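Residue numbers (the working numbering): 32 to 239.
Right, here's the structure in full:
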């Protein structure tokens, strides 16, 4: 693995704007030359570095904190926001069910993250199957969680931050848009399912 400075001749970076507001880039390498001193680790050993980094990235992408704060905010909002008939939003059974579903899955995400953290403190290597499982569950849970939160808030959830009428600082709308990229950033969820089968279930790899 070799570090390539962004200012080196022949490197071209083209930004990609996405609906989540989190820009990413395409990089092109045209006859790029860098000194051998830019080598990281041993020659021809870069794949192990990359896969280890990706496993850690997949875990850190799925922190429970991403949903925790938003769940707290929407819960509080639902307690103080009244319906036309005078009831609070949270007094509706379906709203309580939505909040409970998010809470239960959030607890599971927290537990599997703590499992990985506990293994790390004992010096155990990060299991690729665990990393991929956390990534698949976490990112798909995020999408479902924010869908349920938006359902609770109704049209109020679609107002962007800084706009008149924005509630909960417009974060639910922004988070909902920004979560989609996580399902393919760090490795697509389809590929993660292959890795779970391969490393976690000892199944043969999918034909390519």
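Built from N, CA and C at the ideal position, the CB exists for glycine as well. Keep in mind it's a predicted model, so treat the numbers as computed, not measured.
**Asked** Leaving out the 5 sequence neighbours to the left and right, which residues in its chain are closer than 7 Å to residue 126 when beta-carbon positions are compared?
**Response** 109, 120 and 183
**Asked** With 16 as the cutoff for other CB atoms within 10 Å, does residue 236 come out buried or exposed?
**Response** exposed
**Prompt:** Given a threshold of 16 other Cβ atoms within 10 Å of its Cβ, counted over all protein chains shown, does residue 2 qualify as buried or as exposed?
**Reply:** The structure shown does not extend to residue 2, since the chain spans only 32 to 239, so no value can be given for it.
**Message:** Can you give me the C-alpha to C-alpha distance between residue 64 and residue 39, rounded to a whole angstrom?
**Reply:** 8 Å
**Request:** Using a Cβ cut-off of 8 Å (strictly closer), state whether residue 83 contacts chain B.
**Result:** Absent here is chain B; the protein component of the structure consists of one chain.
**Prompt:** Should residue 165 go down as buried or exposed, given a rule of 16 or more other Cβ atoms within 10 Å for buried?
**Reply:** buried
**Message:** Can you tell me where the alpha helix (DSSP H) holding residue 258 begins and where it ends?
**Reply:** In the structure as shown, the chain begins at 32 and stops at 239. Residue 258 is therefore absent and cannot be evaluated.
**Item:** Best match in 50, 220 and 162 for proximity to residue 87 [C-alpha to C-alpha]
**Value:** Nearest of 50, 220 and 162 to residue 87, Cα basis: 162.
**Message:** Rounded to the nearest angstrom, what separates residue 91 and residue 84 at their Cα positions?
**Reply:** 11 Å
**Request:** Please check the pair residue 45 and residue 56, which I expect to be a contact at CB under 8 Å, by giving their CB distance rounded to whole angstroms.
**Result:** 6 Å
**Item:** Sequence-distant residues of the same chain with beta carbon closer than 7 Å to residue 72, five excluded per side
**Value:** 32 and 80
**Message:** Whole angstroms are fine: how far does the CA of residue 212 sit from the CA of residue 222?
**Reply:** 15 Å
**Request:** Please confirm whether residue 172 and residue 200 have their CB atoms less than 8 Å apart.
**Result:** no
**Request:** Determine the direct distance from the alpha carbon of residue 176 to that of residue 133, and round the result to whole angstroms.
**Result:** Rounded to whole angstroms, residue 133 to residue 176 spans 6 Å at the Cα level.
**Request:** Report the rounded CA-to-CA distance for residue 204 versus residue 191, giving the unit in angstroms.
**Result:** 6 Å
**Request:** Could you spell out where the beta strand (DSSP E) holding residue 156 opens and where it closes?
**Result:** It is not in any beta strand (DSSP E) - residue 156 carries neither H nor E in the DSSP assignment.
**Prompt:** Which runs of the alpha helix (DSSP H), 4 residues or longer, sit entirely within the region 77-103?
**Reply:** Listed in chain order, they are 77-91.
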